[in-house]
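Enquirer: One structure, as structure tokens, below. Some questions next.
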Amino acid sequence: MNAMYSGKVVFSYNLDKGGNDIVCSARLLNRENGNSMKFTFPIAFVAGPVCECYENISITILDSDKPVQQTLQGLAYDSYFMVTLTVDGRENSQVRCMMFRPTPVQAPCDNRFFDASLSEESIQMSDDFQFDLPQSTSGGPPEVEIALTQGAIEFKPVMSGESSATGLQFIVDEKPVYTQRFRQPIDLSSDSKPKIRCEQVMGFNACDGKQVNQQSGNLGCQSICACTACMQQRINFGNWN
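If you want it as structure tokens, here you go:
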């Protein structure tokens, strides 16, 4: 694997026939045995017997009114960001991640950057404290309102006790805009200073020739958009019209 992927998590998706059914799944690529069941995660499923054809896929998994299509579309457009909080311990490192979609969204496949910093202050949970309910118009990752001109996010830990962080609060222009709970708390009592980063999720593509053509809107090798790496002319995911 290329050195540029060192320390990264590399996924692709596939949509294929499995027995009588059609299964859409994501697969972890840069791990040993990445093609195993352990690192393959089902996203959507069409019970069969059913034919794997464009018509069936377009009215089921890639129906634009369903969250799977819209979520995959956001990944194809590089619309999502991953916040990663890391604590290096003497024996083990702890990592917590959360994905979000900043709105308004930048143009498809445009680069967008956020300088991430971890506040030295924290929020102590109390009886009247509540995390925000994730809001999403597509059924995918939570959407956080951040202006296109904004290039920095401060993250404030939400603490339960002296050392257990249960979530993060997003601070933009010194104002809290969103608070997200971790699935599991993270211990911040380590001697090492916690590190945080916010990175754009990029290059999410299909690991299947037919799906690459669908993703780029290609009808076949004679189509006007023959380059499957470019989605600027046919930027509508799953659009074969």
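Residue numbers (my numbering): 942 to 1182. Just so you know, even glycine gets a beta-carbon here, dropped at the ideal spot from N, CA and C.
What is the DSSP secondary structure of residue 998, counted as helix, strand or coil?
Expert: The answer is helix: DSSP assigns residue 998 an H, G or I state.
Enquirer: How close, in whole Å, do the beta carbons of residue 1137 and residue 1044 come, if the pair is a contact with beta carbons under 8 Å?
Expert: About 21 Å; that fails the 8 Å criterion.
Enquirer: What are the start and end residues of each continuous alpha helix (DSSP H) run of 4 or more residues lying completely inside the stretch 1084 to 1158, in chain order?
Expert: Whole alpha helix (DSSP H) segments, 4+ residues: 1150 to 1157.
Enquirer: Measure from the alpha carbon of residue 970 to the alpha carbon of each residue in 964, 982 and 959, then state which is nearest.
Expert: Residue 982 is the option with its Cα nearest to residue 970.
Enquirer: Compare the C-alpha of residue 986 against each of 1001, 1088, 1143 and 1033 and name the closest.
Expert: Considering only alpha carbons, the answer is 1001.
Enquirer: Looking only at its chain, what residues have a beta carbon closer than 8 Å to the beta carbon of residue 960, apart from the 5 residues adjacent to it on each side?
Expert: For residue 960, where only same-chain residues beyond five positions count, the Cβ hits under 8 Å are 989.
Enquirer: Using a Cβ-Cβ distance under 9 Å, would residue 953 count as near chain B?
Expert: You won't find chain B in this structure, because it holds only one protein chain.
Enquirer: What residue from 1015, 1075 and 1128 has the CA that sits closest to residue 1039's CA?
Expert: Considering only alpha carbons, the answer is 1075.
Enquirer: So, are the CB atoms of residue 1055 and residue 1093 less than 9 Å apart?
Expert: It is a contact, given that the beta carbons lie within the stated cut-off.
Enquirer: Indicate the three-state DSSP secondary structure (helix, strand or coil) for residue 1008 in the structure shown.
Expert: Correct three-state label for residue 1008: helix.
Enquirer: Can you tell me whether DSSP reads residue 1055 as helix, strand or coil?
Expert: If DSSP states are grouped into helix, strand and coil, residue 1055 belongs with coil.
Enquirer: Considering Cα atoms alone, identify which of 962, 968 and 964 is closest to residue 954.
Expert: It is 968 whose Cα lies nearest to the Cα of residue 954.
Enquirer: Is the CB-CB distance between residue 1099 and residue 1072 below 9 Å?
Expert: A contact, by the Cβ cut-off of 9 Å.
Enquirer: Do residue 1023 and residue 1142 have their beta-carbon atoms positioned less than 9 Å apart in this structure?
Expert: Result yes, Cβ atoms of residue 1142 and residue 1023 sit closer than 9 Å.
Enquirer: Starting from the C-beta of residue 1053, find all residues in its chain whose C-beta is less than 7 Å away, skip the five residues before and the five after it, and write them out in chain order.
Expert: Closer than 7 Å at the Cβ level, and outside the excluded window around residue 1053, lie 1047 and 1141.
Enquirer: Considering only the alpha carbon of each residue, which of 1104, 1003, 951 and 1049 lies closest to residue 1017?
Expert: Checked all of 1104, 1003, 951 and 1049; the closest Cα to residue 1017 is 1049.
Enquirer: Report the CB separation of residue 1095 from residue 1063 in whole angstroms; it is logged as a contact under 8 Å.
Expert: With 8 Å as the limit, residue 1095 and residue 1063 do not qualify as a contact, their Cβ atoms being about 12 Å apart.
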